[in-house]
Amino acid sequence: MNTFVLEIFDDQGQACTFFTVRWQDATLSETDKFFQQFRYHEQLKTPLQELATFLKVAIGDEYGALESFFRFENTAQALPPAGTHQVEDININFGNFPLRLYCLRMSESLVVLFNGGEKTAATAQAGKTNKAFQEANVFAQRILKALQEKEIYIGSNHRTFCSSDGGNEISI
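Count along the sequence shown from 1, add 139, and you get the number used in this note's numbering.
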């Protein structure tokens with residue numbers, strides 16, 4: 140079984156901390172791979188910037204990881220939410236959005252970001268998102284199992300993961 144590391148992606152937000160996963164032998168996290176894949180793509184760099192702003196501002200700083208900000212895709216979830224929504228004082232319109240970023244919403248203050256892809260089919264299991272979708276669900280299942288078996292736990296501030304063995308690196 141391949142081992143991955145659970146590590147902080149962004150902990151600067153006022154409302155939510157983002158973690159990510161990185162394969163043990165990889166230099167880039169899965170989330171970094173997602174952003175690098177699309178940042179220079181002519182048709183997708185603007186949607187990528189919109190998604191990054193939604194993550195950083197709406198989820199990270201202002202509202203936290205509200206359930207209505209996520210679409211549920213098996214064990215994992217995906218960003219952005221489908222369609223148009225009014226959540227508190229924010230109007231979200233991600234109808235026909237071309238990208239999916241898979242994640243695991245733990246609470247309003249803690250989210251694990253995975254990889255994603257370009258949405259090219261009606262379902263997550265089809266098209267270019269299939270591999271990232273499958274991997275996201277495996278990551279999510281393994282994280283939830285590690286929590287259940289008390290190999291890791293959520294810290295007292297509700298915004299961090301901690302290893303039960305006291306180590307700094309969280310390998311699952």
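The beta carbon of each residue, even a glycine, is placed where N, CA and C say it ideally should be.
Asked                                                                                                                                                          : Found
Helix, strand or coil: which one does DSSP assign to Ser-246?                                                                                                  : strand
Excluding the 5 residues flanking Gln-264 on each side, which residues of the same chain have their C-beta closer than 7 Å to its C-beta?                      : Phe-272
Evaluate contact between the stretch 141-154 and the stretch 299-311, counting only Cβ atoms and requiring at least three cross-stretch pairs below 8 Å.       : yes
Exposed or buried, what is Ser-295 when buried is set at 16 or more other beta-carbons lying within 10 Å of its beta-carbon?                                   : exposed
Leaving out five residues on either side along the sequence, give the residues of the same chain with a beta carbon under 7 Å from the beta carbon of Arg-316. : Any question about residue 316 goes unanswered here, given that the chain covers just 140 to 311.
Thinking Leu-238 and Lys-258 are a contact (beta carbons under 8 Å), I'd like their distance in whole angstroms, please.                                       : 6 Å
Quick check on Arg-178: buried or exposed, where buried means 16 or more other Cβ atoms within 10 Å of its Cβ?                                                 : exposed
Can you tell me the Cα-Cα spacing of Gly-199 and Ala-275, whole angstroms?                                                                                     : 21 Å
In the DSSP output, which residue or residues are listed as bridge partners for Ala-215?                                                                       : Glu-212
Looking at C-alpha atoms only, which residue of Gly-305, Asn-254 and Gly-234 is the closest neighbour of Phe-173?                                              : Asn-254
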